[in-house]
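Below is one structure; the comments refer to it alone.
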Amino acid sequence: MQNNFRVILAKKKIKMSDVVEGTGLSRNTIRALFYETAKGIQFQTLEALCIYLNCEVGELFEIEKEAV
Numbered sequence: 013m014q015n016n017f018r019v020i021l022a023k024k025k026i027k028m029s030d031v032v033e034g035t036g037l038s039r040n041t042i043r044a045l046f047y048e049t050a051k052g053i054q055f056q057t058l059e060a061l062c063i064y065l066n067c068e069v070g071e072l073f074e075i076e077k078e079a080v
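With the sequence shown counted from 1, adding 12 to any position gets you the working numbering.
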């Protein structure tokens, strides 16, 4: 699965600290997503990120066709 979180932040010129403040999510959660060390993600986290970033889940994460 392709994690586009870092790319979206770069395109929108948003810092991790802004996401933490704007979503109320923990710094550890945001860092794990940014550095792609997260093992999974909760629906509440996905919802908060999509609302804050004004994007869809499919923009944040894409299934890599080679992996299917």
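Glycine included, each C-beta is placed from N, C-alpha and C at the ideal position.
Treat the numbers as computed from the prediction; the structure is a model and nothing was measured.
Alpha carbons only, please: which of M28, E76, L37 is nearest the one belonging to F46? Out of M28, E76, L37, M28 has the C-alpha closest to the C-alpha of F46.
For the alpha helix (DSSP H) containing A60, name the first residue and the last one. Where A60 is concerned, the enclosing alpha helix (DSSP H) starts and stops at 55–65.
Please say whether I20 and L72 have beta carbons closer to each other than 8 angstroms? For L72 and I20, yes; Cβs fall inside 8 angstroms.
Pull up the CB-CB distance for Q14 and E74, whole angstroms please, since I reckon it's below 8 angstroms. That pair is a contact at about 4 angstroms.
What residues match up with N16 in a beta bridge as DSSP calls it? Answer is none; N16 lacks a bridge partner.
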